[in-house]
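**Student:** Below: one structure in structure tokens.
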Amino acid sequence: MTRDELIELGKKIIAPDVSEEEGSGLMELFDAHVPHPVFKAREVNSKEKLLLNALKAQ
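Structural data, given as structure tokens:
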């Protein structure tokens, strides 16, 4: 998965209309494609931090 695809996935994760179940599935997909553990979705406290980390990785 490309960086741009990961960023788009991060945006989907933090979208206000995403259910908890859908968000969890998207985070698993994100985690499976991120090479650096520091950016794992499960390691952040909020959806906003996830997006900020993905954007910083650019």
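In my numbering, the protein residues as written are 24 to 81.
Idealized CB from N, CA, C, for every residue including glycine.
Looking at C-alpha atoms only, which residue of D54, P58 and K79 is the closest neighbour of L32?
**Tutor:** For the purposes of this step, residue 32 is identified with residue 9 of the sequence shown, where counting begins at 1. Among D54, P58 and K79, the Cα nearest to that of L32 belongs to D54.
**Student:** Kindly indicate which residue of E44, P58, L75 and L73 has the alpha-carbon position closest to the one of T25.
**Tutor:** Against the sequence shown, residue 25 aligns to sequence position 2. Cα-wise, what sits closest to T25 is P58.
**Student:** Determine the extent of the alpha helix (DSSP H) in which S47 is found, giving its start and end residues.
**Tutor:** The sequence position of residue 47 within the sequence shown is 24, counting from 1. Its alpha helix (DSSP H) spans residues E43 to H56.
**Student:** Sorted by chain position, which residues of the same chain lie with C-beta nearer than 6 Å to G46's C-beta, five sequence neighbours on each side aside?
**Tutor:** Translated into positions along the sequence shown, residue 46 becomes position 23. Same-chain partners within the cutoff: I36.
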